[in-house]
Amino acid sequence: MNAPKRAAELGCEVFQMFTRSPQGGPAPEITSEIAKTFKEEMKKWKQDNCYIHTPYYINFASSNDFVRMSAPKIVREELERGSLIGAKYIMTHLGSSKDFTREEGLKMTVAGIGQVLSGYKGKTGLLLEISAGAGNVIGDTFEELKYILDKCGYDDVDICIDSAHMFASGYDVKSKEGFKKTIEKIKKTVGLQRIKLIHANDSKIELGGRKDRHDHIGDGKIGREGFVNLVSVFDCDFIVETKDDKVKEDINILKNIRPSKRNSR
């Protein structure tokens, strides 16, 4: 309920939140009164959009039957909850296929997303987030994300780019030449038009380091120039997922480098 106010206090124009514990447990009920009040708070604190992150334990390709079979249910619940409060999108990690072949893991992921969206009539959209390539995670390349988008058969599934994740997966956003190649790769696979949100995080890990370690903008291996590149191409909302000690500075950096009025955090 207090998320719009807290976001405004940080200087946000948009924000991301969890509607349940990211570690597990039942989701608190969103009553009609709660939904109404939340929407009023969005207007009061001048927040343009809100986004929902699914819990961290989502894994569409888990060898644990309970985890794998519950993933579509939880993600669908988040879509329905997002629709109640007017969230623009929810985004989800896809999980890991360490106990299956890559092909099997991808097929299970496609099937799970199909279950999420079957019969869904809400207004909140679904975003799949590119991963950092650690271990056997699904969706660490734009080729895999394209495969999932193509096979699931739903036109309203789109992509969330995390700058730290894509950098750790080997996609250069720092250098001019590397960024040009990355953009061409996106165009040839998922398409620029399907990038609906940027998680703007610098990386403690070097290019291709295949680990998920966020850093403050300009303090990591990507550097400020990488975010200048990103805002020059992507006209969508940017969300910062950095620690509280310098998050206000990160938000201000994004505001200062955007070429026109765009949303940050």
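Heads up: the sequence shown at position 117 corresponds to 138 in our numbering, and the numbers run straight through without jumps.
Virtual Cβ for every residue (Gly too), placed ideally from N, Cα, C.
Item to complete: Taking only heavy atoms of the ligand SAM into account, decide whether any of them is closer than 6 Å to the Cβ of Gly-239.
Response: For the ligand SAM, the structure offers nothing, since it holds no ligand at all.
Worksheet item: Given Thr-263, which residues of its chain have a CB within under 8 Å of its CB, disregarding the five upstream and five downstream residues?
Response: Asn-222, Asp-223, His-235, Asp-236, His-237, Ile-238 and Asp-271
Item to complete: Determine the DSSP secondary structure at Ile-180, reduced to helix, strand or coil.
Response: strand
Worksheet entry | Backbone CA spacing between Gly-199 and Lys-206 [nearest angstrom] | 11 Å
Worksheet item: Leaving out five residues before and five after Arg-279 in sequence, what residues of the same chain have Cβ atoms less than 6 Å from its Cβ?
Response: Excluding five sequence positions before and after Arg-279, the CB atoms of its chain that fall closer than 6 Å to its own CB belong to Val-252, given in chain order.
Practice prompt. Look up Thr-145 in the DSSP assignment and say whether it is helix, strand or coil.
Written response: coil
Fill in: Run of the alpha helix (DSSP H) containing Cys-173, from where it starts to where it stops
163–173
Worksheet entry | Arg-215 to Phe-163 span [Cα, whole Å] | Between the alpha carbons of Arg-215 and Phe-163 lies a gap of roughly 11 Å.
Worksheet item: In the DSSP assignment, what residue or residues form a beta bridge with Leu-218?
Response: Cys-181 and Asp-258
Worksheet item: Where does Met-38 fall in DSSP's three states?
Response: strand
Discussion item. Per the DSSP calculation, His-186 is bridged to which residue(s)?
Written reply: DSSP lists no partner for His-186.
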